[in-house]
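Below is one structure, written out as structure tokens, with a few remarks after it.
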Amino acid sequence: MEYLPLMIPAAFILTTLLTLLLLYRAARFNRRLLLVITGWLILQAALTIAGFYLQTTDTPPHFTLLLLPPVAMILVLLFSKPGQRFVDTFDTSRLTLIHSVRIPVELLLFGLYLYHAVPRLMTFEGGNLDIFSGLSAPLIWYFGFKRKAIGRTGLIAWNILCLLLLFNIVGRAILSAPFAFQRFGFEQPNIALLYFPYSWLPGFIVPAVLLAHLITLRKLILNK
């Protein structure tokens, strides 16, 4: 991945830091959350730079150690009583703004595609419409929470739609990676996510966006 221009990894690191800042603000500046996520990012950076995720022939692939801990943490937060008390303190309007990071993410995925690091199907040219979530997030934030022009039903519908778009790109990314179960992108596998700093996308940015949707839906449905 040394052939990539410096601005692509630099922009990706900045996007990750922006995601962390927005999540930290949505969590009402919870320092424990900030420390846990910072430690996780440092750990994953070290593992990725050491080449840990380049071992793709093992079963299960090492890549699962990047995905499963965040998913497990999300489940704990949403289904345990202490976790529910914590997530209910999040600011829903600020959670909505987190999705704006999907704009630079999609632009960076397109840049990675141009340099043959991800397949076309992971870009907006190839049917990944997740950029819609990023473009619409500021509008939903403004008209839904500031102007109150979008009701609870509309906000729930938007979150569900964007959640489906997120699942779409996650499925494309996993099934186009060079694992034993690869189904797409054989002409250009998804190799970028095995390298630093792009491993932070499945290891942090995607879980942060997923958590933002799920917390928001929980609060909207339960009218909290």
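Quick note: the sequence shown uses the numbering used here, first residue 4, plus one each step. All residues carry an ideal CB built from backbone N, CA and C; glycine is no exception.
The residue among Gly147, Arg175, Ile177 with its C-alpha nearest the C-alpha of Ile159 is Gly147. By the CB criterion at 8 angstroms, Ser96 and Gly137 fall outside the cutoff. In the structure shown, Ser179 falls within a coil segment according to DSSP collapsed to helix, strand and coil. Looking at the backbone, the Cα of Glu190 and that of Ile208 are separated by about 26 angstroms. By alpha-carbon distance to Ile143, the top candidate from Met10, Thr156, Thr99 is Thr99. With a cut-off of 8 angstroms on Cβ pairs, the segment 115-127 is not in contact with the segment 41-54, counting fewer than three such pairs. If you keep only unbroken alpha helix (DSSP H) runs of at least 4 residues inside the segment 93-121, you get 95-101, 105-117. Relative to Trp43, the option among Leu78, Arg150, Pro72, Tyr116 whose CA is nearest is Pro72. The Cβ neighbour count for Arg88, taken over all protein chains shown within 10 Å, is under 16; the residue is labelled exposed.
Per the Cβ contact rule, the segment 209-222 is in contact with the segment 66-84 (3 or more Cβ pairs under 8 angstroms).
In this structure, Arg155 places its C-beta atom within 8 angstroms of the C-beta atom of Leu223.
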